[in-house]
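For the sequence shown, the numbering used here begins at 402 and goes up steadily by one. Note that the Cβ used here is the ideal one computed from N, Cα and C, for glycine as well. The model shown is predicted, which means the values in this text are computed figures rather than measured ones. See structure below.
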Amino acid sequence: RLELLNRATALIIPSLWEGFGLPALEAMACGTPVLASTAGALPEVVGPAALPFNPTDLAEMAAAMAQIFSDAELFRQLAGAGLERAALFSWADTAAALQERLENLVS
Numbered sequence: 402r403l404e405l406l407n408r409a410t411a412l413i414i415p416s417l418w419e420g421f422g423l424p425a426l427e428a429m430a431c432g433t434p435v436l437a438s439t440a441g442a443l444p445e446v447v448g449p450a451a452l453p454f455n456p457t458d459l460a461e462m463a464a465a466m467a468q469i470f471s472d473a474e475l476f477r478q479l480a481g482a483g484l485e486r487a488a489l490f491s492w493a494d495t496a497a498a499l500q501e502r503l504e505n506l507v508s
């Protein structure tokens, strides 16, 4: 999967619902620009590092796709911002936070 994300020009996530959006973070960690639906948890996960679009508006989705493929500066900006955004999330930090919460519950 990571090989595909590394080779992809961009990742487009048109979901009407995403519980977390791990594929978006995986793409961002690969430096692959992300176009993300404004539904579910995606906006919170990707923040300003992805190009948002309304998943029920096909014209808006098509415009976002055209924009990222025709604007080289936006493409570079999203790739860089995605790398920075993905760095904010780590399994080690998540595990440490979970362990701390569990220890607080037990004590």
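(request) Figure out for me which residue from S438, D458, E461 has the closest Cα to the Cα of A450. (result) For this step, residue 450 is matched to residue 49 along the sequence shown. Of S438, D458, E461, the residue nearest in Cα terms is S438.
(message) Using the three-state DSSP reduction, which class does S438 fall into: helix, strand or coil?
(response) What you label residue 438 is simply residue 37 of the sequence shown in a count that begins at 1. Looking at S438 - three-state DSSP - the assignment turns out to be strand.
(message) If I follow the unbroken alpha helix (DSSP H) through F421, where does it start and stop?
(response) Indexing the sequence shown from 1 puts residue 421 at position 20. Counting along the chain, F421 falls outside any alpha helix (DSSP H), and DSSP gives it neither H nor E.
(message) Using a 10 Å radius around the Cβ and a threshold of 16 neighbouring Cβ atoms, would you call G420 buried or exposed?
(response) As a working mapping, residue 420 is identified with position 19 in the sequence shown. When all chains shown are included, G420 counts as exposed.
(request) Compute the distance between the beta-carbons of A409 and T433, then report whether it is under 8 angstroms. (result) Here the question's residue 409 lines up with position 8 in the sequence shown. Here the question's residue 433 lines up with position 32 in the sequence shown. Yes; because the gap between Cβ atoms is below 8 angstroms, this pair is in contact.
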